[in-house]
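In my numbering, the protein residues as written are 264 to 727.
One structure below.
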């Protein structure tokens with residue numbers, strides 16, 4: 264058998280294996296079977312990487328990635344139960360209730376809600392944690408949740424299919440805009456496959472229905488308009504991203520040095536461009552929230568978000584080290600303190616990047632966004648696998664590939680679901696972050712790339 268025939272056989276085998284693996288995960292596998300899940304996930308990663316390196320045309324691999332996603336079209340998510348809350352929120356909106364103001368546990372004490380079997384199903388499946396907390400999903404997400412329920416009604420599978428199709432449309436947007444950004448940056452277009460063919464994105468977006476891809480579609484538009492100097496459209500795009508998921512709000516300060524077109528810092532043009540961008544973004548956000556606005560919305564949202572930083576723990580890295588130190592020092596969990604410390608460090612780093620340089624290029628801005636989001640999650644108390652879609656997407660537009668490795672390693676966190684008490688495996692978490700740290704050291708420090716902003720000169724020319 265000649266080498267060409269061998270390559271064709273291996274490519275065909277990889278495609279067949281991916282189809283089989285994704286069908287198995289989507290329709291047959293229970294998330295409690297961790298080692299089987301991680302083995303299948305690792306195999307999917309290996310097969311996808313081989314196909315990317317095998318010389319197949321980009322268009323064929325793009326078609327393959329969406330074909331693989333369609334395997335999950337009729338699958339009920341198994342890896343996460345969050346989608347039950349998505350549908351619940353959509354149901355509330357359609358029925359005239361504000362999803363930000365009502366706890367599921369309270370509504371289920373009323374006959375209107377506990378008398379319907381579909382409501383009982385959603386409530387029982389969403390989990391105790393979700394049922395006892397107010398919704399914090401932003402208004403763009405709520406709009407799509409309500410659209411899903413308006414069409415799907417009390418049909419669970421139909422709601423799932425609609426949410427899945429929304430995510431697929433968002434990924435098509437990411438693909439289209441992402442390729443244009445790569446073209447402007449003169450990066451190989453094949454890098455878009457690090458996102459759309461990535462098993463993390465396929466499983467956490469298409470299968471589990473997490474709406475990070477909707478947020479990223481808006482963020483991609485914002486970045487493209489920013490590159491084209493269409494600042495108001497870029498600001499609206501960023502507001503759309505924040506109104507889908509709150510995380511992109513952290514990038515706003517990073518634009519300050521990007522808007523500087525002169526040699527002096529804090530010049531009039533720079534300040535005018537930055538504040539104009541902020542004002543348009545703010546107005547757009549106010550409009551986005553207006554259809555669900557209530558005087559109690561802010562207080563209840565902040566209460567739940569505060570709880571997130573002071574009570575929730577999952578797959579953390581630096582925070583777990585600080586927590587251990589806290590136990591040795593005070594003999595109790597100091598999450599209330601260390602959760603805030605992580606946020607302060609992340610904010611401080613973002614401000615540092617925003618003010619260190621007089622002006623930066625578009626490419627450097629993307630690097631800063633990648634580093635800011637990476638540091639945020641390294642200090643975060645909670646790092647669910649789907650959270651990493653944001654820095655993974657940003658990494659596509661830089662020369663750094665450590666996020667691809669992390670998107671594989673993060674599935675080690677699913678070991679927590681292998682036991683009834685959802686106890687995390689400290690050794691696996693240490694392995695995850697140990698390997699990640701090694702990759703970052705190799706890719707950044709040894710290659711002398713950007714770390715704490717050192718890859719840019721003090722005055723970096725802005726791309727035209």
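The beta carbon of each residue, even a glycine, is placed where N, CA and C say it ideally should be.
Best match in 680, 519 and 546 for proximity to residue 535 [C-alpha to C-alpha] = Numbered from its first residue, the chain shown carries residue 535 at position 272. Residue 519 is the option with its Cα nearest to residue 535.
Does the Cβ-Cβ distance between residue 401 and residue 506 come in under 7 Å?
-> To locate residue 401, count along the chain shown from 1; it is residue 138. To locate residue 506, count along the chain shown from 1; it is residue 243. The answer is yes: Cβ separation under 7 Å.
Cross-strand partners of residue 645 (DSSP beta bridge) = Here residue 645 corresponds to residue number 382 of the chain shown, with the count starting at 1. DSSP output for residue 645 lists 577 as bridge partner(s).
Length-filtered (4 minimum) alpha helix (DSSP H) runs lying within the stretch 473–559 | 475–490, 494–505, 518–521 and 531–553
Which of helix, strand or coil DSSP assigns to residue 358 | By 1-based counting over the chain shown, the position of residue 358 is 95. Of the three classes helix, strand and coil, the one that applies to residue 358 here is coil, per DSSP.
Given that a residue counts as buried once 16 or more other Cβ atoms are within 10 Å of its Cβ, and exposed if not, what is residue 270?
-> Position 7 of the chain shown, counted from the first residue, corresponds to residue 270. With fewer than 16 Cβ atoms within 10 Å of its Cβ, residue 270 is classed as exposed.
Check whether residue 277 and residue 314 have beta carbons under 7 Å apart = Taking the first residue of the chain shown as 1, we reach residue 277 at position 14. Taking the first residue of the chain shown as 1, we reach residue 314 at position 51. In this structure, residue 314 lies closer than 7 Å to residue 277 by Cβ.
Proximal residues to residue 612 (C-beta, below 6 Å), its chain only, five neighbours per side dropped = Residue mapping note: residue 612 aligns to position 349 of the chain shown, counting from 1. Excluding residues within five positions, the ones whose Cβ falls inside 6 Å are 638.
Taking 7 Å as the cut-off, decide whether the C-beta atoms of residue 698 and residue 665 are in contact.
-> One-based indexing of the chain shown puts residue 698 at position 435. One-based indexing of the chain shown puts residue 665 at position 402. Going by C-beta atoms, residue 698 is not nearer than 7 Å to residue 665.
When DSSP labels each residue in this structure, what does residue 210 get in the three-state scheme?
-> No answer is possible for residue 210: the residues shown for the chain start at 264 and end at 727.
So what's residue 379 in DSSP terms, helix, strand or just coil?
-> Numbered from its first residue, the chain shown carries residue 379 at position 116. Residue 379: coil per DSSP, three-state reduction.
Would you give the residue range spanned by the alpha helix (DSSP H) that residue 270 belongs to?
-> Counted from its first residue, the chain shown places residue 270 at position 7. 266–290 is the span of the alpha helix (DSSP H), which, as asked, contains residue 270.
Return helix, strand or coil for residue 342, following the three-state DSSP convention.
-> As a position in the chain shown, residue 342 is number 79, starting the count at 1. Reduced to three states, the DSSP call for residue 342 is coil.
In the DSSP assignment, find the unbroken alpha helix (DSSP H) run with residue 429 in it and report its ends.
-> Locating residue 429 in the chain shown gives position 166, counting from the first residue. Residue 429 -> alpha helix (DSSP H) spans 419–448.
Starting from residue 368, trace the alpha helix (DSSP H) both ways and give me its first and last residue.
-> In the chain shown, residue 368 corresponds to position 105, counting from 1. Start and end: 367–370.
Quick one: grab the DSSP three-state call for residue 414.
-> The count along the chain shown starts at 1 and reaches residue 414 at position 151. Helix, per DSSP.
Cα-Cα separation between residue 745 and residue 501, rounded to whole angstroms | Residue 745 lies beyond the residue range present for the chain, which begins at 264 and ends at 727; the question has no answer from this structure.
Decide if residue 720 is buried, meaning its Cβ has at least 16 other Cβ atoms within 10 Å, or exposed.
-> The residue given as residue 720 occupies position 457 in the chain shown. Residue placement at residue 720 is poorly supported in this model, since its pLDDT is 43, which falls under 50; the coordinates are not used for a value here.
Less than 7 Å separating the beta-carbons of residue 425 and residue 437?
-> Here residue 425 is taken as the residue at index 162 of the chain shown, counted from 1. Here residue 437 is taken as the residue at index 174 of the chain shown, counted from 1. Not in contact: residue 425 and residue 437 (Cβ atoms no closer than 7 Å).
By how many angstroms is the C-alpha of residue 382 removed from the C-alpha of residue 330?
-> By one-based count along the chain shown, residue 330 stands at place 67. By one-based count along the chain shown, residue 382 stands at place 119. Their Cα atoms are separated by approximately 33 Å.
Identity of the residue in 606, 580, 602 and 689 nearest residue 700 by Cα | Taking the first residue of the chain shown as position 1, residue 700 is located at position 437. Closest by alpha carbon: 580.
Could you tell me the distance, in whole angstroms, from the CA atom of residue 524 to the CA atom of residue 689?
-> Indexing the chain shown from 1 puts residue 524 at position 261. Indexing the chain shown from 1 puts residue 689 at position 426. Roughly 48 Å separates the two Cα atoms.
Say yes only if the C-beta of residue 522 is nearer than 6 Å to one or more non-hydrogen atoms of the ligand ADP, and no if none qualify.
-> In the structure on display, the ligand ADP does not appear, and there are no ligands present to speak of.
Whole-number beta carbon distance between residue 307 and residue 321, since they are thought to touch under 8 Å = In the chain shown, the residue the question calls residue 321 occupies position 58. In the chain shown, the residue the question calls residue 307 occupies position 44. Wrong, their Cβ atoms sit about 20 Å apart, outside the cutoff.
How would you label residue 656, buried or exposed, when you count the other beta carbons within 10 angstroms and need 16 or more for buried?
-> By 1-based counting over the chain shown, the position of residue 656 is 393. So residue 656 counts as buried.
Residue 454 versus 316, 465, 649 and 393, residue with shortest Cα-Cα distance = Your numbering for residue 454 matches position 191 in the chain shown. Here the closest residue by C-alpha is 316.
So the alpha helix (DSSP H) residue 329 belongs to, where does it begin and stop?
-> By 1-based counting over the chain shown, the position of residue 329 is 66. First-last of the alpha helix (DSSP H) with residue 329: 321–333.
Helix, strand or coil at residue 451 [DSSP, three-state] | As a position in the chain shown, residue 451 is number 188, starting the count at 1. Note: residue 451 maps to coil in three-state DSSP.
Please report how far the alpha carbon of residue 326 lies from the alpha carbon of residue 460, in whole angstroms.
-> Working through the chain shown from its first residue, we reach residue 326 at position 63. Working through the chain shown from its first residue, we reach residue 460 at position 197. Taking the straight line joining both Cα atoms gives about 10 Å.
If you draw a straight line from the C-alpha of residue 480 to the C-alpha of residue 441, how long is it?
-> Along the chain shown, one-based indexing puts residue 480 at 217. Along the chain shown, one-based indexing puts residue 441 at 178. Taking the straight line from one Cα to the other gives about 9 Å.
Buried or exposed (CB count within 10 angstroms, at least 16 for buried), residue 626 | For the purposes of this step, residue 626 is identified with residue 363 of the chain shown, where counting begins at 1. Under this definition residue 626 is a buried residue.
Express the C-alpha separation of residue 522 and residue 359 in angstroms, rounding to a whole number.
-> Working through the chain shown from its first residue, we reach residue 359 at position 96. Working through the chain shown from its first residue, we reach residue 522 at position 259. Whole-angstrom Cα-Cα distance: 43 Å.
With DSSP as the reference, label residue 687 as helix, strand or coil.
-> Within the chain shown, residue 687 is the residue found at index 424, counting from 1. Three-state DSSP puts residue 687 in coil, outside helix and strand.
Output the boundary residues of the alpha helix (DSSP H) element that contains residue 300.
-> For the purposes of this step, residue 300 is taken as residue 37 along the chain shown, with counting starting at 1. Per DSSP, residue 300 belongs to the alpha helix (DSSP H) from 297–316.
Between the stretch 406–422 and the stretch 346–353, do at least 3 Cβ pairs fall closer than 8 Å?
-> yes
Mind checking which residues open and close the alpha helix (DSSP H) that includes residue 666?
-> Here residue 666 corresponds to residue number 403 of the chain shown, with the count starting at 1. Unbroken alpha helix (DSSP H) run through residue 666: 665–672.
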